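Protein chains in written order, with the working numbering: chain A, 1 to 210; chain B, 211 to 420.
Just so it is clear, CB atoms sit at the ideal spot from N, CA and C, and this is done for glycine as well.
Quantities reported herein were computed from a predicted structural model and do not represent experimental measurements.
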């Protein structure tokens with residue numbers, strides 16, 4: 001049975017997955033790269049990186065994944081739908097390596113990239129998008145790639161089986177908060193917290209059998 | 211040098227130190243006792259309790275403390291200033307055992323309780339209240355007892371040397387959030403996070419030498 005998973009979604013102590021304002025120069029706003037330094041330090045990200053708990057969690061990002069769904073705000077800065085040449089932040093070989101579905105009210109034709117990533121553009125509800133992505137995943141799992149708003153939408157729609165958050169020891173004060181609307185999440189998910197020597201705390205939410 | 215400390219302030223994953231609405235029947239609103247079960251399970255709280263990491267943190271609540279400052283919302287439910295007989299939630303022998311200063315716009319004469327606790331009522335700024343409490347503490351440390359609003363006020367006034375939060379794996383969705391206004395806290399405090407087998411994560415903020 002194909003599962004729907006979120007991995008490596010980094011948040012501040014106060015729950016913000018991105019700062020503000022988001023722009024082409026600052027995709028995470030005033031958060032800069034501070035939310036993701038734990039990941040850059042791992043072997044998952046770069047040769048010679050750490051191989052402990054942070055890496056053990058980070059590598060699950062790709063394991064068994066057959067498609068990704070992401071929000072418009074992850075694919076590009078504000079205004080990207082007006083740029084017909086925009087192909088994402090990630091250069092010619094994006095780190096997805098599967099069909100990747102971008103949720104947008106401004107769909108365009110698919111873009112085939114190197115390394116197995118093809119961007120598809122969907123104006124769809126979470127249910128519809130997941131059905132399409134699961135079909136493309138061919139029995140493998142679907143990753144909800146973020147940002148926080150999209151993750152929240154899929155969680156509140158009851159579509160997420162596994163959610164991995166990484167809490168970074170900074171207080172951002174403003175941005176997009178992942179927790180909003182998720183009251184009572186612990187009732188449907190088994191929650192586990194484990195802190196890492198790097199200073200981050202990994203939070204996993206795994207859906208209970210119903 | 212006397213220090214100002216916060217201990218055992220329990221918060222949800224989304225940062226709420228209390229739910230809502232607060233009342234005589236439900237001091238923590240819809241959070242109930244869920245934020246404090248980790249503490250009730252320790253030897254600090256009850257004979258036969260656990261003696262591991264949760265207890266190690268919990269006992270620091272009393273160690274070296276000579277006075278407490280608390281907010282009006284910790285001392286009683288909404289409306290307590292209208293009840294001349296209200297003496298707090300804690301019965302004849304409150305768990306403070308020192309002079310305890312209640313910040314309120316409705317001061318009343320001091321109330322001497324059993325076990326060394328005397329409640330004093332102050333209409334004062336954080337700076338003024340701390341000066342008064344430090345005097346009463348006689349060289350020992352002053353604890354800021356909460357709630358979250360009072361802790362925030364003292365932290366933003368630059369008066370807190372050590373802050374211990376306990377993050378409980380529940381999402382409350384609403385209440386009083388401890389993080390509001392604390393952007394950049396990591397710049398003036400060394401932050402440490404350690405998760406406990408009980409499921410909570412202890413966060414300590416210790417002021418850096420300036």
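With respect to the beta strand (DSSP E) encompassing residue i, which residues constitute its N-terminal and C-terminal limits?
i: residue 402 of chain B; result: 399-405
i: residue 206 of chain A; result: 201-207
i: residue 353 of chain B; result: 351-354
i: residue 163 of chain A; result: 162-168
Compare the C-beta of residue i with all C-beta atoms of chain A and state if any pair is closer than 9 Å.
i: residue 379 of chain B; result: yes
i: residue 235 of chain B; result: no
i: residue 262 of chain B; result: no
i: residue 325 of chain B; result: no
Could you give the first and the last residue of the continuous alpha helix (DSSP H) run that contains residue i?
i: residue 421 of chain B; result: Within the shown structure, residues of chain B are numbered from 211 to 420, placing residue 421 of chain B beyond reach of any answer.
i: residue 151 of chain A; result: 148-156
Which residues of chain B have a Cβ atom closer than 9 Å to the Cβ of residue i, listed in chain order?
i: residue 59 of chain A; result: Neighbours of residue 59 of chain A on chain B: none; closest Cβ ~21 Å, over 9 Å.
Could you check whether residue j and residue i sit closer than 9 Å to each other, using their CB atoms as the reference points?
i: residue 214 of chain B; j: residue 370 of chain B; result: yes
i: residue 401 of chain B; j: residue 358 of chain B; result: no
i: residue 286 of chain B; j: residue 298 of chain B; result: yes
i: residue 197 of chain A; j: residue 53 of chain A; result: yes
i: residue 108 of chain A; j: residue 84 of chain A; result: yes
i: residue 170 of chain B; j: residue 13 of chain A; result: The structure shown has nothing for residue 170 of chain B, since chain B only spans 211 to 420.
i: residue 102 of chain A; j: residue 66 of chain A; result: no
i: residue 137 of chain A; j: residue 104 of chain A; result: no
i: residue 140 of chain A; j: residue 19 of chain A; result: no
i: residue 364 of chain B; j: residue 216 of chain B; result: yes
i: residue 416 of chain B; j: residue 382 of chain B; result: no
i: residue 323 of chain B; j: residue 331 of chain B; result: no
i: residue 168 of chain A; j: residue 37 of chain A; result: yes
i: residue 405 of chain B; j: residue 201 of chain A; result: yes
i: residue 278 of chain B; j: residue 355 of chain B; result: yes
i: residue 23 of chain A; j: residue 142 of chain A; result: no
i: residue 310 of chain B; j: residue 335 of chain B; result: no
i: residue 251 of chain B; j: residue 242 of chain B; result: no
i: residue 73 of chain A; j: residue 39 of chain A; result: no
i: residue 274 of chain B; j: residue 193 of chain A; result: no
i: residue 245 of chain B; j: residue 254 of chain B; result: no
i: residue 46 of chain A; j: residue 151 of chain A; result: no
i: residue 81 of chain A; j: residue 61 of chain A; result: no
i: residue 156 of chain A; j: residue 115 of chain A; result: no
i: residue 186 of chain A; j: residue 380 of chain B; result: yes
Give the interface partners of residue i over in chain B, defined as CB-CB distance under 8 Å, in chain order.
i: residue 147 of chain A; result: Within 8 Å Cβ-Cβ: nothing; residue 147 of chain A doesn't reach chain B, min ~17 Å.
Give a yes or no on whether 9 Å exceeds the smallest Cβ distance from residue i to chain B.
i: residue 157 of chain A; result: no
i: residue 186 of chain A; result: yes
i: residue 108 of chain A; result: no
Just the chain B side, please: which residues come within less than 7 Å of residue i by C-beta, in chain order?
i: residue 193 of chain A; result: 379, 405, 409, 411
i: residue 38 of chain A; result: Those within 7 Å of residue 38 of chain A in chain B number zero; the least Cβ separation is about 12 Å.
i: residue 14 of chain A; result: 225, 389
List, in chain order, every chain A residue whose beta-carbon is nearer than 8 Å to that of residue i.
i: residue 382 of chain B; result: 183
Runs of beta strand (DSSP E) wholly within the segment 6-40 of chain A (minimum 3 residues, chain order): As for any beta strand (DSSP E) of minimum length 3 sitting wholly inside the segment 6-40 of chain A, the runs are 16-18, ordered along the chain.
Alpha helix (DSSP H) runs wholly inside the segment 56-125 of chain A, at least 4 long, in chain order: Counting whole runs of 4 or more residues, the segment 56-125 of chain A contains the alpha helix (DSSP H) stretches 72-75.
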